[in-house]
Amino acid sequence: MTLTEIKAYLEQFFQDIEILGEVSVQIERVGKIEGAKKGDLTFVSNPKYEKFVSATQASVVLVPKKLELNFELNDRAFIKVDDPYIAFVFLLEKMSPPREMIPLGVHSTAVISESVVMGENVSIGANVYIGNNCEVGDGTVIGPGTVILDGVKVGKNCKLYPNVTIYDGCRLGDRIIIHSGTSIGADGFGFAPKPDGSYRKIPQIGIVVIEDEVELGANLCIDRATLGETVVRRGAKIDNLVQVAHNCVIGSNTVIASQAGVSGSTKIGNNCMVAGQVGFVGHIEIADGVNVGAKAGVSKSFLEKGQTIRGAPAQAIREQMKQEALLRKLPEMMQRIQALEAELKALKS
Amino acid sequence: MTLTEIKAYLEQFFQDIEILGEVSVQIERVGKIEGAKKGDLTFVSNPKYEKFVSATQASVVLVPKKLELNFELNDRAFIKVDDPYIAFVFLLEKMSPPREMIPLGVHSTAVISESVVMGENVSIGANVYIGNNCEVGDGTVIGPGTVILDGVKVGKNCKLYPNVTIYDGCRLGDRIIIHSGTSIGADGFGFAPKPDGSYRKIPQIGIVVIEDEVELGANLCIDRATLGETVVRRGAKIDNLVQVAHNCVIGSNTVIASQAGVSGSTKIGNNCMVAGQVGFVGHIEIADGVNVGAKAGVSKSFLEKGQTIRGAPAQAIREQMKQEALLRKLPEMMQRIQALEAELKALKS
Amino acid sequence: MTLTEIKAYLEQFFQDIEILGEVSVQIERVGKIEGAKKGDLTFVSNPKYEKFVSATQASVVLVPKKLELNFELNDRAFIKVDDPYIAFVFLLEKMSPPREMIPLGVHSTAVISESVVMGENVSIGANVYIGNNCEVGDGTVIGPGTVILDGVKVGKNCKLYPNVTIYDGCRLGDRIIIHSGTSIGADGFGFAPKPDGSYRKIPQIGIVVIEDEVELGANLCIDRATLGETVVRRGAKIDNLVQVAHNCVIGSNTVIASQAGVSGSTKIGNNCMVAGQVGFVGHIEIADGVNVGAKAGVSKSFLEKGQTIRGAPAQAIREQMKQEALLRKLPEMMQRIQALEAELKALKS
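Residue numbers (my numbering), protein chains in the order written: chain D, 1282 to 1630; chain H, 1282 to 1630; chain B, 1282 to 1630.
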């Protein structure tokens, strides 16, 4: 790939790209700046790696606009761009050969009901099971060992990795990615107590709906609704080992990090950021754009948009930081109490 | 279904059911009160939905006994019952067509050892593996991709969803439900340190025993005992992504919510309620009927029956709330110290 | 097994083994001290079980060196050893028949690419899938339903339990154990925000490297690197449901308990002990030999070797215990403030 091609490609996404140094370089590979060689394209985004820039043998380096190139450029090119990391990612995507999970076509060992409506250019792996009355859209890839029970609709250009399970009746949109071992549509956790202390299972007859462009990590669980739908809205990204309980709604473009858990019927708004190991109680609502700190325990609704909350129980960050600051002042408070006691004693005697 | 049939059915479970309004209605569907139409049976349990009651077009509404029907009943019937939600659930179960995971019978792609003792009316999905010397009881359904290693006994009328793994030698009772991706009987996490800092694996030669009527969620883990048995007692319900370590005992009718973890050899009593993301250290004992708040860190035994504990480290709720209250008083304490200092200074001068 | 054989075997691992009592006993089984019978070998390690020693009918009891045998030895033998539990484990391993997950050989239903390089004495279970250009070393066992995508290298004498997924390009060393449902090499959780609030997926083109003698629990997740490698070093042991994010390094002989999570690019040293439900933020470094208490939230690097940290945010244990102690003194502090106020008021009037 030539520098001219790279520039043209990046200009689809970035404005005001500036090129310095040798323009005739050819790019053959991409890689990290440590150990980069001639023919490599690399980047520097984190200031602590800037020291590598002058010494690198990479042929092209994506650098932040504000970086001063006060050294010999030699036969290298430097591309100044707003966000070198994202620029690198775009190029990485363009230059990497596409990873094919499995060969195109339906593997002979896949067990597919005759009633399945199959799109074009679909790839179905070995030992896949697809039940009655399912639909699989054009260009979708389903990894070995994945199981899709009756009446599921999977949209176009989805990628389901191996050993995923989709329970009956769930609906998946287009361009969805689901990683290995994930469970979509298992029964919600609902039991009615009986007088003898045992429980009667509450039937879970709803479904799960996953909208377009959602990515779901590995070994996570999204339970079907008791009635109606558990919904993950367009563009949401959910990491490994997350729990989304029955009847939840996860908003559009909301990001949930690993091992967080959302209890039943809780609604999380659009464009939220939920850090790892956060827990939400059931039946609450979180406004759009809320940012939840790692390990927070969210025990009530937060309806103000765009706020940051943390702690367990979670509070607005200002309250929570005040409390943390006072906790750090406990030794000082104790000393001041002791000083007061001593002074008072002296005063009295 | 006629109102007479509904009443007769509910009277198996509830006393003093009262019917008001039009008794000739016919029920065709069940649904939520928002958007219910003629022919629907619905319910109101949560007071905030009571406003929907007068306006609903549903033909039958299950309502709490204390709800006053001070509006036109029109051609609708109202059934007063102690717990409309549970009544609704019973009716839902009766009126919903049973969901069949897979067709009856053994799929031709299932790999089943000749030595397996198979009950009647068993359904085995595609690509299931059942090892030597296993038993599968009457009416049990095993989903596609599930793997059962040697010497496992599965009782009657169990439902194992897809991609479950049961390790060798484990024993499952009757009417057990296990959701997709769950792991039963993996090796307990036991390692003996060697002088060079590395570890020697401690053999895990025990098993897991799951008693009748247990329901286990998706992607959870119950490890086999080092020696003897890890046990989940009759009627316990365990949610997705929970960890139950080697040699634990989970009591009868105990409910454990998602992402909780129980460390090795800990015994949890009967009829306990454990909320989400709780952690228990190993080798402790929890009495019957104990209620553990979300995210608690239980670091010692709690032997008083029926108590509620919370916090990390977990304490009896009274202690824990006192401490939380004092934390909220920290700003006030600081102000009172400052006031004392000022007064003392004034007094001295 | 005779006592002479037992002694000879243990002397490979322990010094100064002392035998008391009847030396002609024969061992047929191993078991717990409660309920042990003639012919059993058992052990006592925990002082609270010492009361069972004098009464046991076991033929041989492994006991701590310091235990005084001030009772009738009868026709039993007692073996004094530094660590009876580990001694027992060694014997357990020797005396137990090896558990074979599946029969030797490649099952006819396994789908294995022609390009796979297969070692000798390999066992491949039913419905396994192995993609193009993989290698499987001598003596390795791969359980039913496990999926290995293209270009994966699995070393010698590994044991992969059922329904595991290994993504393309990952490299596993020798003598590795991976339990059921685990996901190795799923895409790291990386997304670049776009101006409209949606996210563009950052390609994850790195791999996961698992070194020799690592054991990984069930349903855990180790994500592939964005670039380069996510690494689990030799001899590390990771429990069920743990999350290891992209580009992490887990040190040699480090032990991580269930449900802990390590965020992206964090490096954990060698010989660390991480308790259950701990969370680490991304891009930090933990020194060798650090001990992390249960449920800790590690929000910064800890570079001092061998220290113990706990709490959320995690602190050195000394700081953390001071703060906990002061929290317990809050009621006393409040009382002392009230006393000061009363005295001052009295003094003024």
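Where a beta carbon is used, it is the ideal one built from N, C-alpha and C, also for glycine.
All values reported here derive from a predicted model rather than from experimental measurement.
Its chain contains Ile1503, Val1543 as the residues whose beta carbon lies nearer than 6 Å to that of Val1525 (chain B), once the 5 sequence neighbours on both sides are disregarded; these appear in chain order. For the pair Lys1346 (chain B) and Asp1363 (chain B), the CB atoms are nearer than the 8 Å cut-off.
When DSSP states are grouped into helix, strand and coil, Pro1474 (chain H) belongs to the strand group.
Scanning its chain for C-beta atoms nearer than 6 Å, with the 5 sequence neighbours on each side dropped, one finds around His1564 (chain D) the residues Ser1546, in chain order. The beta carbon of Leu1354 (chain B) sits closer than 8 Å to the beta carbons of Leu1301, Gly1302, Glu1303 from its chain, once the five residues preceding and following it are set aside; these are given in chain order. Any Cβ of chain H closer than 8 Å to the Cβ of Asn1552 (chain D) would place that residue at the interface, and such an atom is absent.
In the three-state reduction of the DSSP assignment, Lys1375 (chain H) falls in the helix class. Interface with chain H (8 Å Cβ-Cβ cutoff): Arg1617 (chain D) is included. A straight line joining the alpha-carbon of His1460 (chain D) with that of Val1445 (chain B) spans about 12 Å. Within the segment 1453 to 1470 of chain H, the residues whose Cβ lies closer than 7 Å to any Cβ of chain B are, in chain order, Gly1462, Ser1464, Ala1467, Asp1468, Phe1470. Each of H:Ile1314, H:Ile1298, H:Lys1319, H:Ile1598 was checked against the Cα of Ile1308 (chain H), and the nearest Cα belongs to H:Lys1319. Taking the Cβ atoms as the reference, Val1428 (chain H) lies roughly 10 Å from Gly1462 (chain B), outside the contact range of under 8 Å.
With at least 16 other beta carbons inside 10 angstroms of its own, Arg1505 (chain D) counts as buried.
Here Val1433 (chain D) is actually not in contact with Ser1404 (chain D); their C-beta atoms are around 17 Å apart, not less than 8 Å. By the Cβ criterion, the segment 1462 to 1476 of chain H is in contact with the segment 1494 to 1501 of chain H, since at least three pairs of Cβ atoms, one from each stretch, lie closer than 8 Å. Under a 10 Å Cβ-count criterion, Thr1507 (chain B) is classified as buried, with 16 or more other Cβ atoms of the shown protein chains found around its own Cβ. A distance below 7 Å between beta-carbons, with the five flanking residues on each side excluded, links Gly1578 (chain H) to the following residues of its chain, in chain order: Gly1560, Ala1593, Pro1594, Ala1595. When Cβ-Cβ separations below 8 Å define contact, Gly1386 (chain D) makes no contact with chain B.
Interface annotation, Gly1406 (chain H): in contact with chain D, CB-CB separation under 8 Å. About 7 Å separates the CB atoms of Gly1574 (chain B) and Ile1590 (chain B); that is less than 8 Å, so the two are in contact. Chain-order list of chain B residues neighbouring Tyr1410 (chain H): Gly1406, Ala1407, Asn1408, Pro1425, Gly1426, Pro1443, by C-beta distance under 8 Å.
Shown here, Phe1561 (chain D) sits in a strand according to DSSP, grouped into three states. DSSP places Tyr1480 (chain D) in the strand class (E or B) of the three-state scheme. Close to Val1370 (chain H), with beta-carbon spacing below 7 Å, are these residues of chain D in chain order: Ala1473, Ile1483, Pro1484. When beta bridges are read from the DSSP output, Thr1323 (chain D) appears opposite D:Val1342. The alpha-carbon of Ile1314 (chain B) is positioned some 54 Å away from that of Ile1393 (chain D). It is roughly 11 Å from the alpha-carbon of Tyr1330 (chain H) to the alpha-carbon of Ala1336 (chain H). A residue is called buried once 16 or more other Cβ atoms fall within 10 Å of its Cβ, and Pro1443 (chain B) is buried on that count. When secondary structure is reduced to three states using DSSP, Val1334 (chain H) falls in the helix class. For the pair Leu1343 (chain B) and Ala1368 (chain B), the CB atoms are nearer than the 8 Å cut-off. Looking at D:Glu1510, D:Thr1283, D:Ala1407, D:Pro1612, the one whose alpha-carbon comes closest to that of Arg1357 (chain D) is D:Thr1283. Residues of chain H with a Cβ closer than 8 Å to the Cβ of Gly1312 (chain B) are, in chain order, Leu1508. Taking a contact to require three or more Cβ pairs closer than 8 Å, the segment 1518 to 1533 of chain B and the segment 1485 to 1496 of chain D do not qualify as touching.
Taking 8 Å as the cut-off, the Cβ atoms of Ser1479 (chain D) and Asn1534 (chain H) count as close. Within its own chain, the residues whose Cβ lies closer than 6 Å to the Cβ of Lys1437 (chain D), once the five positions on either side in sequence are excluded, are Gly1418, Asp1419, Gly1420, Asp1455, listed in chain order. For Asp1455 (chain H), no pairing in a beta bridge is given by DSSP.
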